[in-house]
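Residue numbers (the numbering used here), protein chains in the order written: chain G, 6 to 286; chain A, 8 to 360. The beta-carbon is built from N, C-alpha and C at its ideal position, and this holds for glycine as well.
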């Protein structure tokens, strides 16, 4: 990490701390001490889900009509106060122009529409539960969406062996905080896909905020009480942004006693959309 | 080039495999921090052992160690002995390259005692015959991305559960917490989450079924029901033809670590709507080196576009039918063999694209 980036990350963290009240004087209750697993790690096992509009737009936004007229209010965009801590998202000028172009073409360019793996950090705030299963050396995070899986290698410094859609994640515990460093991301589809199947960049939300294969994400996840995680992700991509920037939100435990990830194998729902042109009529 | 690489394979193989077959005896299973038997790591169940016992071995359920190694090396040799169109060897993906080991069993099916899947009920025979006829009636060309006619179907990879013979990619990453065992299958990154908390089964069908696990001594016992009826079971070359998974399909599995580098995995299939009696398979899982990377099937499904595009072009008479291929997925022959062999033909095929 360059020095400028490091400073930006420290600043972003300070801002988040101030907002969450952690930076205040010692009058409040002592910080929550999460229970530990048998191997001594803070226990973040369970089903977690964001309850916000980040997947619609990471930045503050008004309510708006949805992208398909026929769906009316059912799929209209709900308003949101935004989850970017140090916004607006610091786009380079040409990248901001691209963002607007992508936003206008979201139904074609957004991997979510095509049921492609959503990447990081987006998988964590899509409107689908994420199950965390924690062992002594490995943490698995599984989203219901597209059966996406993240593997977090604890205390590993391995560099990504290949680019993948969900990236390569090395994790470590910093006190009670799980710090995950991820890179090795795909920046779009490759190969001889038809345009119906292609996406050229990776969306962070449905509003066209995007990244390329240069993405580097540092997440900080900390349990703040029995049923909440504090989730922060610092997003860096020198192809697109002038500096790293940070999002922050709580993740909520799905407390239903019979909670379980179901199948959301969405390729079933998009095959006709993507390949329709070549199917027998 | 291929022949040099392959012969060095076989030499290495003879040296290592005898020791592996011989590893037996009372094994003390390592435990996780939670005190549960530790099944974690990367494992393969790729194998050259036939799914059903060959007729000529009808009364011979076990090989001697020497015979097992010979059978293994023979199978490896046969799988290399073909005109090469697409060779998994070059990707390091064949069973022998990935960690398959000789097996003293002469078939993966271990019950009934003859190593053959029991007969289907009369109703099931009619049902499957009708399904096969409908498939044939639909012709050779893929009509939609759903057709399994050369198109790759990324919704679910059905070799993941229940385990069956595969040509490559049949590898598992197992991770355990106190309350869950997670198995991620390399092919299509199929994941299977097995709760250990004693909750009753859910009611919503899932492609990999709805699994519940518990420990019996050193053994993980997994009970799975509610398989999605849109999928099938078997149907890979090397296994019997695909059969429907009815709502009555019930899978009972046992996973036991029997050595540092082996999990013995057995499963019993019970479906009174299909077979006249339950039957049991044993597929050893051998430790392999990780990591296991993302499969991302749907994200780069060039194959589906190409197959559908070419099918429409053939219907319009703008494209000649392709050369016939066989053994696309056969574990013993993971190459596609042209009907007419010969170097010049193979050369033409290379240019045809």
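Opposing strand residues paired with residue i [DSSP bridges]
i, result
"residue 234 of chain G", "G/228, G/256"
"residue 181 of chain A", "A/48, A/190"
"residue 159 of chain G", "G/176"
"residue 146 of chain G", "G/137, G/155"
"residue 54 of chain G", "G/257"
"residue 281 of chain A", "Answer is none; residue 281 of chain A lacks a bridge partner."
"residue 221 of chain A", "A/228"
"residue 96 of chain G", "G/246"
"residue 47 of chain G", "G/41"
"residue 266 of chain A", "A/269"
"residue 208 of chain G", "G/215"
"residue 164 of chain G", "Paired residues: none, contrary to the question."
Helix, strand or coil at residue i according to DSSP, with G and I counted as helix
i, result
"residue 83 of chain A", "helix"
"residue 206 of chain A", "coil"
"residue 260 of chain A", "strand"
"residue 29 of chain G", "Model confidence at residue 29 of chain G stands at a pLDDT of 48, short of 50, so the residue's coordinates are unreliable; what they give is reported in the following sentence. Residue 29 of chain G: coil per DSSP, three-state reduction."
"residue 176 of chain G", "strand"
"residue 71 of chain A", "coil"
"residue 183 of chain G", "strand"
"residue 339 of chain A", "Its pLDDT being 45, under 50, residue 339 of chain A is placed unreliably in this model, and the coordinates cannot settle the point."
"residue 245 of chain A", "coil"
"residue 65 of chain G", "coil"
"residue 127 of chain A", "strand"
"residue 42 of chain G", "coil"
"residue 312 of chain A", "helix"
"residue 102 of chain A", "helix"
"residue 239 of chain A", "strand"
"residue 34 of chain A", "coil"
"residue 281 of chain G", "helix"
"residue 188 of chain G", "strand"
"residue 91 of chain A", "Note on residue 91 of chain A: pLDDT 48, under 50, position unreliable in the model; no value is reported."
"residue 138 of chain A", "helix"
"residue 333 of chain A", "Low confidence applies here, because residue 333 of chain A scores a pLDDT of 47, under 50, leaving its location unreliable and the question unanswered by this model."
"residue 97 of chain A", "helix"
"residue 199 of chain A", "strand"
"residue 274 of chain G", "helix"
"residue 213 of chain A", "strand"
"residue 252 of chain A", "coil"
"residue 77 of chain G", "helix"
"residue 290 of chain A", "strand"
"residue 286 of chain G", "coil"
"residue 76 of chain A", "helix"
"residue 274 of chain A", "strand"
"residue 63 of chain A", "helix"
"residue 56 of chain A", "coil"
"residue 112 of chain A", "strand"
Contact belief for residue i with residue j at Cβ below 8 angstroms, rounded distance in angstroms
i, j, result
"residue 276 of chain G", "residue 153 of chain A", "7 angstroms"
"residue 250 of chain A", "residue 233 of chain A", "Not really, about 17 angstroms apart at Cβ, beyond 8 angstroms."
"residue 299 of chain A", "residue 193 of chain A", "5 angstroms"
"residue 4 of chain A", "residue 197 of chain A", "A query on residue 4 of chain A cannot be resolved here, the shown segment of chain A reaching from 8 to 360 and no further."
"residue 119 of chain G", "residue 204 of chain G", "7 angstroms"
"residue 289 of chain A", "residue 134 of chain A", "Not confirmed; about 28 angstroms, so no contact."
"residue 178 of chain A", "residue 105 of chain A", "7 angstroms"
"residue 223 of chain G", "residue 100 of chain G", "Not confirmed; about 20 angstroms, so no contact."
Interface partners of residue i on chain D, CB under 7 angstroms
i, result
"residue 191 of chain A", "Checking the listed chains, one finds no chain D in this structure; the protein chains it contains are G and A."
Do the segment 175-187 of chain G and the segment 255-268 of chain G make contact, defined as three or more Cβ pairs closer than 8 angstroms?
Three or more beta-carbon pairs separated by less than 8 angstroms are not found between the segment 175-187 of chain G and the segment 255-268 of chain G, which leaves the two stretches without contact.
With three or more beta-carbon pairs closer than 8 angstroms as the criterion, would you say the segment 100-110 of chain G touches the segment 219-229 of chain G?
Contact check between the segment 100-110 of chain G and the segment 219-229 of chain G: fewer than three CB pairs, one atom from each, fall below 8 angstroms, which does not count as touching.
Using 8 angstroms as the Cβ pair cut-off and three pairs as the minimum, do the segment 47-57 of chain G and the segment 131-141 of chain G touch?
Segments in contact, yes.
Flag this pair as touching only if the segment 267-280 of chain A and the segment 290-297 of chain A have three or more C-beta atom pairs under 8 angstroms; answer yes or no.
Cβ pair count under 8 angstroms is three or more, so yes.
Please determine if the segment 72-89 of chain A and the segment 118-135 of chain A are in contact, where contact requires at least 3 C-beta pairs separated by less than 8 angstroms.
Because the criterion of three Cβ pairs below 8 angstroms is not met, the segment 72-89 of chain A and the segment 118-135 of chain A do not touch.
Check whether the segment 271-280 of chain A and the segment 237-253 of chain G are in contact - that is, three or more C-beta pairs closer than 8 angstroms.
The segment 237-253 of chain G and the segment 271-280 of chain A do not touch, with fewer than three beta-carbon pairs separated by less than 8 angstroms.
Touch check for the segment 307-320 of chain A and the segment 174-191 of chain A: three-plus C-beta pairs under 8 angstroms?
With the cut-off at 8 angstroms, the segment 307-320 of chain A and the segment 174-191 of chain A do not touch.
Report yes or no: do the segment 55-75 of chain G and the segment 36-46 of chain G share at least 3 C-beta pairs separated by less than 8 angstroms?
In short, these stretches do not touch, since the Cβ pair count stays below three.
The segment 55-71 of chain A / the segment 234-250 of chain A touching (three or more Cβ pairs under 8 angstroms)
Segments in contact, yes.
Between the segment 160-169 of chain G and the segment 184-203 of chain G, do three or more beta carbon pairs fall short of 8 angstroms?
The segment 160-169 of chain G is in contact with the segment 184-203 of chain G.
Would the segment 142-155 of chain G and the segment 82-101 of chain G be scored as touching if the rule is three or more Cβ pairs under 8 angstroms?
Inter-segment contact for the segment 142-155 of chain G and the segment 82-101 of chain G is absent: fewer than three beta-carbon pairs are separated by less than 8 angstroms.
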